[in-house]
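Enquirer: Residue numbering for the sequence shown follows my numbering, starting at 6 and increasing by one per position. Just so you know, even glycine gets a beta-carbon here, dropped at the ideal spot from N, CA and C.
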Amino acid sequence: MTRSRRAVTAAAFGTVLEWYDFFLYGTAAALVFPTLFFPADDPLTSLLLSFAVFATGFVARPLGGLVSGYLGDRFGRRRVLVATLLTMGVATALIGLLPTHAQVGALAPVLLVVLRLVQGLATGGEWSGAVLLALEQSPLRRGFRGAFISSAVYVGLILGNLAFMLLIALLDDEALYAWGWRVPFLASLVLVAVGWRLRRRVDESPEFVAMLEARREARRPVSEVLRRPRGVLAVFLVRVGVNTTFYVVSVFCLSYASTVVGMPREVTLAALLIGAAVAAVLCPFWGALGDRIGPRRLVVWSLAAFAVLAAPLFLVLDTGSAALVIGVVVAAIGIVNSASDGVQPAYFTAMFDTRVRYSGISIGREAGAIVGGGLAPLAATALLAQFGHWWPIAAMMAIAAIVGLVGTAIAPRERG
């Protein structure tokens, strides 16, 4: 295996684990955590509290991005990625060992919040570091190679949802709530061991090593990149647009279809699973296309398509038709969202110089994750409770997509 392929493999596998853990919580937040950790007379209130804790992981991500970005720009990408992998794996396994509200009362959600924050800290440095470890090995076909990191995110989503889909199929509700929900969280320890071994065997990024040899490293990479914030702001706005639309579909709509429309949980999980599988397959195609026509065009196309798709998405959900719901989720996640995600590694990497690249991408991307990821399901749930209809949520998605388009308009010209 060539050095470049080994780096892509190690980066991608670790990313699968990180996002399996992160998305696993999102699925649990929609399906079982409202009952286990946030019991209330009103199911919508329980769901709102569960999504609020879901959001805390996103709040912690910018801090994790700041710390990881600084360390990654000063001391290397590989060391930071090993640390984020171990931190995420341990936090996720501990969630699987938590007592529930019925066992220890209010202490249970407090402990859940703490571990969710640790998950967010680890995730904040993962994507950017994995992308740099993979793409800084060679300047050739960066769109195509970076797309495998995006595919890995979707594979993590697939594994996280497949775990609960299998549990729902195999266990009754009593067993699921008693012990079954813990199994997917504890299983992450197996993936940690494999990912740790792969990442330990990868060489440091040649671009980073060359920068050190030339003594060009930034002493204060965070402050340096923020002195010229155009790239950071562009990444932030793009991620607000992409994250808002994605998390409304992948987290809120899953709950909306099951609790409001009354669709079986198996159907909503299947829709998300198929959509993510299509996205994982298509990301390398979009990455290769981005190498030919430029990544910015695909990001613009994806955001514009989501603005148009927002209202039809909910119209289809309200039909209650399993086939139509699966079809629209596949279109939204598998085609539209993957077009943007597939080229973002190359797109964002090209905006920054090597000396501040880890910091620049992490700060912009993870700050966007708070607004577009952590707050989106929470805001959607609150809008549904306030207005009793989906149209304000569709409007929110369209506005977020427009915000993302502003980001592409102000983005600095890509290097290389």
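#1: When you compare the CB positions of ALA98 and LEU194, do they come within less than 8 Å of one another, or not?
#2: Tell me the DSSP secondary structure of MET436 in three-state form.
#3: Taking 6 Å as the limit between beta carbons, can you name the residues of its chain near LEU41, skipping five residues before and five after?
#4: Mind listing, in chain order, the continuous alpha helix (DSSP H) runs of no fewer than 4 residues lying wholly within the region 116–183?
#5: Tell me the rounded alpha-carbon separation between ASP358 and ALA168.
#6: Do GLY94 and GLY22 have their beta-carbon atoms positioned less than 8 Å apart in this structure?
#7: From the DSSP output, in three-state form, read off GLY421 for me.
#8: Verify whether the separation of the beta carbon atoms of ALA15 and ARG206 is less than 8 Å.
#9: Measuring CB atoms only, is the region 131–141 touching the region 319–326, in the sense that at least three cross pairs come out at less than 8 Å?
#10: For the region 140–153 against the region 336–355, are there 3 or more C-beta pairs whose distance is under 8 Å?
#11: Kindly list the residues whose CB is nearer than 6 Å to the CB of ALA423, restricted to its own chain and excluding five residues on each side of it in sequence; keep chain order.
#12: Applying the criterion that 16 or more other CB atoms from any shown protein chain within 10 Å of the CB defines a buried residue, is TRP396 buried or exposed?
#13: Tell me whether GLN391 is buried or exposed, calling it buried when 16 or more other Cβ atoms sit within 10 Å of its Cβ.
#14: Measure the CB-CB distance between LEU389 and SER345 and report whether it falls below 8 Å.
#15: With 16 as the cutoff for other CB atoms within 10 Å, does PRO234 come out buried or exposed?
#16: To the nearest angstrom, how far is it from the Cα of VAL227 to the Cα of ASP178?
#17: Helix, strand or coil: which one does DSSP assign to SER210?
#18: Grouping DSSP H, G and I as helix and E and B as strand, with all else coil, what is SER326?
#19: Fully enclosed by the region 326–352, which alpha helix (DSSP H) runs are 4 residues long or longer?
#20: Skipping 5 residues on each side, what residues in its chain have a beta carbon closer than 6 Å to that of VAL160?
#21: Quick one: residues in its chain with C-beta nearer than 7 Å to the C-beta of VAL245, no 5 flanking neighbours on either side, listed in chain order?
#22: Determine the extent of the alpha helix (DSSP H) in which GLU371 is found, giving its start and end residues.
#23: Taking the straight line between their C-alpha atoms, what separation do you get for ILE100 and TRP186?
#24: What distance in whole Å lies between the Cβ atoms of LEU116 and LEU126, which are believed to be in contact at a cut-off of 8 Å?
#25: Counting Cβ pairs, one atom from each stretch, are 3 or more of them under 8 Å apart for the region 47–62 and the region 362–370?
#26: Under a Cβ-count criterion, where at least 16 other Cβ atoms within 10 Å of its own Cβ denotes burial, should PRO300 be classed as buried or exposed?
#27: For THR7, name the three-state secondary structure that DSSP assigns.
#28: Going by C-alpha to C-alpha distance, which of ARG82, THR128 and ALA312 sits closest to VAL64?
#29: Give the C-beta separation of GLU209 and MET216 to the nearest angstrom, bearing in mind that I take them to be a contact with Cβ-Cβ under 8 Å.
#30: Mapping DSSP to helix, strand and coil, what is PHE5?
#31: Which of the three DSSP states, helix, strand or coil, is assigned to TRP201?
#32: Have a look at ILE340, VAL265 and PHE28 and flag the residue whose alpha-carbon is nearest the alpha-carbon of HIS394.
#33: Could you check if ARG370 is buried or exposed, using at least 16 other CB atoms within 10 Å of its CB as the buried criterion?
#34: Using a 10 Å radius around the Cβ and a threshold of 16 neighbouring Cβ atoms, would you call ALA107 buried or exposed?
#35: Assuming GLY130 and SER73 form a contact by the criterion Cβ under 8 Å, report the distance between their Cβ atoms to the nearest whole angstrom.
#36: Check whether the Cβ atoms of GLY70 and SER367 sit closer than 8 Å, and answer yes or no.
Expert: Walking through what the data contain:
#1: Along the sequence shown, read from residue 1 onward, the residue named residue 98 stands at position 93. Along the sequence shown, read from residue 1 onward, the residue named residue 194 stands at position 189. Their beta carbons are under 8 Å apart, which means ALA98 touches LEU194 by this criterion.
#2: Residue numbering for the chain in the displayed model covers 6 to 421; residue 436 lies beyond these limits and cannot be assessed.
#3: Within the sequence shown, the letter at position 36 stands for residue 41. Counting only Cβ-Cβ distances below 6 Å, and skipping sequence neighbours, we find THR105.
#4: 131–140 and 147–175
#5: Along the sequence shown, read from residue 1 onward, the residue named residue 358 stands at position 353. Along the sequence shown, read from residue 1 onward, the residue named residue 168 stands at position 163. Roughly 40 Å separates the two Cα atoms.
#6: Reading the sequence shown from its first residue, position 17 is the one you call residue 22. Reading the sequence shown from its first residue, position 89 is the one you call residue 94. For clarity, residue 22 is Leu in the given sequence; the question names Gly instead. Contact flag set, yes.
#7: Residue mapping note: residue 421 aligns to position 416 of the sequence shown, counting from 1. Reliability of the predicted coordinates at GLY421 is poor, the pLDDT of 47 falling under 50, and the value obtained from them is presented with this limitation in mind. The answer is coil: DSSP assigns GLY421 none of H, G, I, E or B.
#8: In the sequence shown, the residue the question calls residue 15 occupies position 10. In the sequence shown, the residue the question calls residue 206 occupies position 201. Yes, the Cβ-Cβ distance between ALA15 and ARG206 is below 8 Å.
#9: no
#10: yes
#11: Past the edges of the chain, shown from 6 to 421, lies residue 423, and the structure says nothing about it.
#12: Within the sequence shown, the letter at position 391 stands for residue 396. Exposed, since its Cβ has fewer than 16 Cβ neighbours within 10 Å.
#13: Locating residue 391 in the sequence shown gives position 386, counting from the first residue. With fewer than 16 other Cβ atoms within 10 Å, it is exposed.
#14: What you label residue 389 is simply residue 384 of the sequence shown in a count that begins at 1. What you label residue 345 is simply residue 340 of the sequence shown in a count that begins at 1. Contact flag unset, no.
#15: Start at 1 with the first residue of the sequence shown, and residue 234 comes out as number 229. Exposed, since its Cβ has fewer than 16 Cβ neighbours within 10 Å.
#16: Here residue 227 is taken as the residue at index 222 of the sequence shown, counted from 1. Here residue 178 is taken as the residue at index 173 of the sequence shown, counted from 1. Cα to Cα, the separation comes out at about 48 Å.
#17: Position 205 of the sequence shown, counted from the first residue, corresponds to residue 210. Coil at SER210, not helix or strand.
#18: On the sequence shown, position 321 is the one that residue 326 refers to. Coil, per DSSP.
#19: 327–334
#20: Mapped onto the sequence shown, residue 160 falls at position 155. So the qualifying residues of the chain are VAL21 and ALA285.
#21: Counting from 1 along the sequence shown, the entry for residue 245 is found at position 240. The answer, listed in chain order, is GLY373, VAL376, GLY377, ALA405, VAL408 and GLY409.
#22: Here residue 371 refers to the residue found at position 366 when the sequence shown is read from its first residue. Segment 362–374, the alpha helix (DSSP H) holding GLU371.
#23: Here residue 100 refers to the residue found at position 95 when the sequence shown is read from its first residue. Here residue 186 refers to the residue found at position 181 when the sequence shown is read from its first residue. Taking the straight line joining both Cα atoms gives about 10 Å.
#24: In the sequence shown, counting from the first residue as 1, residue 126 sits at position 121. In the sequence shown, counting from the first residue as 1, residue 116 sits at position 111. Not quite, the Cβ-Cβ distance comes to about 16 Å (not below 8 Å), so this is no contact.
#25: no
#26: Stepping through the sequence shown from its first residue, residue 300 is reached at position 295. The residue in question, PRO300, is buried, as its Cβ has 16 or more Cβ neighbours within 10 Å.
#27: What you label residue 7 is simply residue 2 of the sequence shown in a count that begins at 1. Coil.
#28: In the sequence shown, residue 64 corresponds to position 59, counting from 1. The candidate whose alpha carbon is nearest that of VAL64 is THR128.
#29: Taking the first residue of the sequence shown as 1, we reach residue 209 at position 204. Taking the first residue of the sequence shown as 1, we reach residue 216 at position 211. Cβ-Cβ separation between GLU209 and MET216: approximately 11 Å, too far for a contact (criterion under 8 Å).
#30: Outside the shown range of the chain, which is 6 to 421, sits residue 5, and nothing can be said about it.
#31: Your numbering for residue 201 matches position 196 in the sequence shown. Helix, per DSSP.
#32: If you number the sequence shown from 1, residue 394 lands on position 389. Of the candidates ILE340, VAL265 and PHE28, the one whose C-alpha sits nearest the C-alpha of HIS394 is VAL265.
#33: Stepping through the sequence shown from its first residue, residue 370 is reached at position 365. Under this definition ARG370 is a buried residue.
#34: Here the question's residue 107 lines up with position 102 in the sequence shown. ALA107 should be labelled exposed.
#35: Indexing the sequence shown from 1 puts residue 130 at position 125. Indexing the sequence shown from 1 puts residue 73 at position 68. Rounded, the Cβ-Cβ distance is 2 Å, consistent with contact.
#36: Your numbering for residue 70 matches position 65 in the sequence shown. Your numbering for residue 367 matches position 362 in the sequence shown. Their beta carbons are under 8 Å apart, which means GLY70 touches SER367 by this criterion.
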